[in-house]
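K.L.:
Here's a structure for you.
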Amino acid sequence: MSADTDVEALRRQGRIVVVGASLAGLRAAETLREKGFTGSLTMIGDEPYEPYDRPPLSKQALLGRARPEDTALPRRRDIDAEWRLGVAAEGLDRDARQVRLANGDTVPYDRLLITTGTRARPWFHPEEAALDGVFVLRTRDDCARLHRKLTGGVSRVLVIGAGFTGSEVASVCRELGLEVTVVERGPAPLVGALGGVIGAVADRLQRKKGVDLRCGISVTALEGDDVGRLRRAHLSDGSAVDVEVAIVSLGAMRNTEWLAGSGVAAGARGIACDAGCRAFDVNGIVTDDIYAAGDVARSPHPLFDYQFLALEHWGNAVEQAEIAAHNMICSSPERRPHLWLPMFWSSQFGVNIKSVGVPSLGDQLVVTQGTLAEDRFVAVYGYRGRVIAAAAFDGAKWMGFYEQQIAAGAPFPPEYGTVDRRTGTLQAVDPGFPDPHLPTHGPTVTLTGHSPSERRVEFVPSHA
Amino acid sequence: MRLVVDLNRCQGFAQCVFLAPDVFALHGDEALLFSPRFDEAHRDRVEKAAAACPVQAILVDYSDEPTKGVEPHVG
Ligand SMILES: Cc1cc2nc3c(=O)[nH]c(=O)nc-3n(C[C@H](O)[C@H](O)[C@H](O)COP(=O)(O)OP(=O)(O)OC[C@H]3O[C@@H](n4cnc5c(N)ncnc54)[C@H](O)[C@@H]3O)c2cc1C
Ligand code: SF4
């Protein structure tokens, strides 16, 4: 049988299994059907819900303007799938081509798509993490619980970590009229994602809105009372804050543990795959039947020196899922690469924050529209003389333009004067990123390759 | 009935806010909040809003049934 007849048979009567029934999984399933896949489709998800949208969970749903249970995603079409919800995939047998579920069932596949995403990084001390009043925010249930708590008569809230999620939660707390203390280890909020220069703007914004923001320190311990309720947080500067609620916003961990021993190149940084979303095996050989998309995947991008990009972005989950679905049921010449430009939004303290490209790669920064002092601006990041990213506070209309500049590798600093002609010359400054080896938090962009000049592991190949 | 806005695309033109103020709202100058679920009473207005969005960022699903075949706790 030729490869092409294989693809035809697969499209008609193949078995496709999607593990991770959320945004990426749903969009991939819809794309498969749109492209004429008529075989069997199984959606496996450990949450008991059909796919729902997460961004509102730290915004309108937490605020009470929408109910967390109402965030189920609209469907583009009927996908005619068998849903296995409320049960986790626990193992993968590549030889037998089957997924093993927590209840002992096995599900066979011809093509497997992995979209198991990430989960919130828990508080490092398990006993303290179990105190009543300590929360993380990732799921619908997390949001419902936290909203109930925040509107149930608490007075002071602690947010641990001022990445995007932490800052959004702090913003909601202020809007609900709660006193909120934010403790951030870095020098400013959002510093890992956007750098210290923009971080300083976020810092000012939070304080202006009444947040008790404490940067450059960390929470060292959470203390409960004798019935296990959170009472106090101890900080590295020796001080303590009395709190009834703490929201741990220390970033996310990729859900790859279930793939241990499967031979797929999956680890703490995600599942390594090629630009066509095909997962690598542990030897760096591309598999042809296992694909990955969304928060759990990382893949090389030519615009960023072929470093592996790992993204925790809504838009990436959608785009990568569509590419993965397309490639899963195509012959090789028809496959397409996922070369999406990272794009991200956040809204906090009444400001619409957007970024495009990879800010953290930037070695220089200029403000091209507005001014930092007004909290309304567009900042452009340069990397070795070309435009690599842009970030805007209330400047969404400009993002399309900078997207094109980045894609075209436009020279940095930009050759035009500031677009709104406020200043005559563009002054490039250091964007102020902390040491990239320090962990950051909040949905952001990470380059997960490392420089070949660094020697990190000893490599011991095994011989057959 | 459900909807989602691709907020990467949305540029805060507020067309939707103008046409369906019960479903869409601006938060500050340009951050958009929306109700992911709406009922029949708002259908016409949401339809108009989705059509009027200059960047076509609004995805609407007018059906109200749970996704076919979805049964929680199937296990
Ligand atoms: C509070 C919050 C706010 C956000 N705000 C923004 C924003 O403003 N802008 C933006 O661009 N992005 C935002 N994001 C990020 C965005 O939601 C994610 O990028 C997106 O959800 C990724 O989709 P995914 O399908 O790849 O993964 P996920 O949505 O994480 O879904 C993975 C699914 O797989 C399930 N799963 C995991 N392991 C297993 C297993 N072994 N077996 C079966 N199922 C499993 C999980 O339970 C989950 O349901 C936010 C995320 C959160 C949590
Ligand atoms: S009309 Fe479209 S672009 Fe304008 S605010 Fe609504 S969703 Fe955004």
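Line by line, the protein sequences give chains A and B.
Going by the numbering used here, the first residue of the first sequence is number 706, and it counts up by one from there.
Going by the numbering used here, the first residue of the second sequence is number 258, and it counts up by one from there.
Backbone N, C-alpha and C fix where the C-beta goes; we use that ideal spot for every residue, glycine too.
All of these numbers come straight from a predicted model, not from anything done at the bench.
1. Please determine, among A:G943, A:L881, A:I903 and A:R937, the residue with the shortest C-alpha to C-alpha distance to K914 of chain A.
2. Applying the 10 Å Cβ sphere with the 16-neighbour rule, what's the burial state of Y319 of chain B?
3. Mark S967 of chain A as exposed unless 16 or more other C-beta atoms lie within 10 angstroms of its C-beta, in which case mark it buried.
4. What are the boundary residues of the alpha helix (DSSP H) that Y1107 of chain A is part of?
5. Helix, strand or coil for K305 of chain B? Go by DSSP, reduced to three states.
6. Does DSSP put P1148 of chain A in a helix, a strand or coil?
7. Verify the contact flag: H852 of chain A, CB atom, against every heavy atom of ligand 1, threshold strictly below 7 Å.
8. Count the other C-beta atoms from every protein chain shown that fall within 10 angstroms of the C-beta of H830 of chain A, then say buried if there are 16 or more, exposed otherwise.
9. I'd like to confirm the pairing. Which residues does DSSP put opposite E683 of chain A in its beta bridges?
10. Which of the three DSSP states is assigned to R853 of chain A in this structure?
11. Can we say the stretch 859-866 of chain A touches the stretch 945-961 of chain A, given the rule of at least three CB pairs closer than 8 Å?
12. So N1032 of chain A is in the alpha helix (DSSP H); what residue range does that whole segment cover?
13. With 8 Å set as the bound, which would you pick, yes or no: does the beta-carbon of C267 of chain B sit closer than that to a beta-carbon of chain A?
14. Are any of the Cβ atoms in chain B nearer than 8 Å to that of T870 of chain A?
15. With a CB to CB cut of under 6 Å and the five nearest residues on each side skipped, what residues in its chain are close to V1072 of chain A?
16. State the CB to CB distance for the pair I819 of chain A and V792 of chain A, rounded to an integer number of angstroms; the pair is presumed to be in contact (CB under 8 Å).
17. Quick check: does the Cβ of I1028 of chain A come within less than 7 Å of any heavy atom belonging to ligand 2?
18. Using beta-carbon positions only, say whether A1095 of chain A and Y1086 of chain A come within less than 8 Å of one another.
19. Please report whether the beta-carbon of H299 of chain B lies at a distance below 8 Å from any beta-carbon of chain A.
20. Does the stretch 725-735 of chain A come within contact of the stretch 774-790 of chain A, defined as at least 3 CB pairs closer than 8 Å?
21. Are the C-beta of Q765 of chain A and some C-beta of chain B separated by less than 8 Å?
22. Tell whether a beta-carbon distance below 8 Å holds between N960 of chain A and G822 of chain A.
23. Starting from L797 of chain A, follow its DSSP beta bridges and name the residues at the other end.
24. What does the alpha-carbon distance come out to for the pair E962 of chain A and G857 of chain A?
25. G1020 of chain A CB to nearest chain B CB: under 8 Å?
26. Along the alpha helix (DSSP H) that carries C878 of chain A, what are the first and last residues, could you check?
27. How about S875 of chain A: is its C-beta nearer than 8 Å to some C-beta of chain B?
28. Mind checking T710 of chain A: buried by the 16 CB within 10 Å criterion, or exposed?
29. Tell me which same chain residues have a C-beta within less than 7 Å of the C-beta of G332 of chain B, skipping the five on either side of it?
30. Examine ligand 1 and report whether any of its heavy atoms sits within less than 7 Å of the Cβ of R959 of chain A.
31. Please check if any C-beta of chain A sits within less than 8 Å of the C-beta of V280 of chain B.
32. Compute the Euclidean distance between the alpha carbons of E1120 of chain A and A938 of chain A, then round it to the nearest angstrom.
33. Assuming D993 of chain A and A970 of chain A make a contact with CB atoms under 8 Å, what is their CB distance in whole Å?
34. When DSSP labels each residue in this structure, what does I1186 of chain A get in the three-state scheme?
35. If you run the structure through DSSP and keep just helix, strand and coil, what is L836 of chain A?
36. If distances are taken between C-alpha atoms only, which option among A:L728, A:R934 and A:G744 comes closest to Q718 of chain A?
P.N.:
So, from the data block:
1. Of the candidates A:G943, A:L881, A:I903 and A:R937, the one whose C-alpha sits nearest the C-alpha of K914 of chain A is A:L881.
2. With fewer than 16 neighbouring CB atoms inside 10 Å of its own CB, Y319 of chain B falls in the exposed class.
3. buried
4. DSSP places Y1107 of chain A in the uninterrupted alpha helix (DSSP H) bounded by M1104 to A1112.
5. helix
6. With a pLDDT of only 49 at P1148 of chain A, under the threshold of 50, the placement of this residue in the model should not be trusted; the figure read from the coordinates follows. P1148 of chain A: coil per DSSP, three-state reduction.
7. no
8. exposed
9. Since the displayed chain A opens at 706 and closes at 1169, residue 683 of chain A lies outside it and no answer follows.
10. helix
11. Taking 8 Å as the limit for Cβ pairs, the verdict is that the stretch 945-961 of chain A does touch the stretch 859-866 of chain A.
12. W1019 to M1033
13. yes
14. no
15. F1082 and A1084
16. That belief does not hold up - the Cβ atoms of I819 of chain A and V792 of chain A are roughly 16 Å apart, past 8 Å.
17. no
18. yes
19. no
20. yes
21. yes
22. Closer than 8 Å, so yes.
23. A:V804
24. 36 Å
25. Chain B has a Cβ within less than 8 Å of the Cβ of G1020 of chain A.
26. F869 to E880
27. First, the residue type needs correcting, since residue 875 of chain A is Ala and not Ser in the sequence shown. So, not an interface residue.
28. exposed
29. Bear in mind that a pLDDT of 41 at G332 of chain B, under 50, signals an unreliable position, so the number given afterwards is only what the model happens to contain. Closer than 7 Å at Cβ, skipping near neighbours: no residue.
30. no
31. no
32. 50 Å
33. Rounded, the Cβ-Cβ distance is 14 Å, inconsistent with contact.
34. With chain A covering only 706 through 1169, there is no way to say anything about residue 1186 of chain A.
35. coil
36. A:G744
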